[in-house]
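Take a look at the structure below.
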Amino acid sequence: MSASDIGYFDDYESPDTKQDENQRSMLVNAIQLMGKEYVGREFLRWLMEKTKVFEQEFPKDLTLVAWNAGLRTVGLEILSLCSEANVLQHVLTKEVIENEQ
């Protein structure tokens, strides 16, 4: 007997994938706009640094391990959005694009 046999998941509503796609598309557009400006790219890089995407650490405190994992999850989602928006290379290299600053 499985969980689905006893109706365990009957009340579970599947996520609205169309709404999720629209939300992700809006986020990618926002990242593209930020990626066009040096200040926006600095902000995205700062977010990834503060969420410890570029760090490796192995604390003994399990609470800290869980906290850092949550931070990294957010940072990696930002990294993924930057990649999808085709601005990741510019964000990571601190590249100044022509006609800026």
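For this note's numbering, add 160 to where a residue sits in the sequence shown, where the first one is 1. Heads up, the beta-carbon is just placed ideally off N, CA and C, and yes, glycines get one too.
Answer with buried or exposed for residue i, where buried requires no fewer than 16 other C-beta atoms within 10 angstroms of its C-beta.
i	result
Ala190	exposed
Met186	exposed
Gly195	buried
Leu248	buried
Leu193	exposed
Nearest-angstrom Cα distance between residue i and residue j?
i	j	result
Thr233	Leu239	10 Å
Leu224	Glu181	32 Å
Leu236	Asn246	15 Å
Trp227	Glu215	14 Å
In terms of residue numbering, what span does the alpha helix (DSSP H) encompassing residue i cover?
i	result
Ala190	177-195
Asn228	222-244
Val199	198-210
Gln216	Gln216 -> no alpha helix (DSSP H), and no H or E assigned at all.
Val251	248-253
Whole-angstrom Cβ separation of residue i and residue j, contact assumed at under 8 Å?
i	j	result
Leu204	Val251	5 Å
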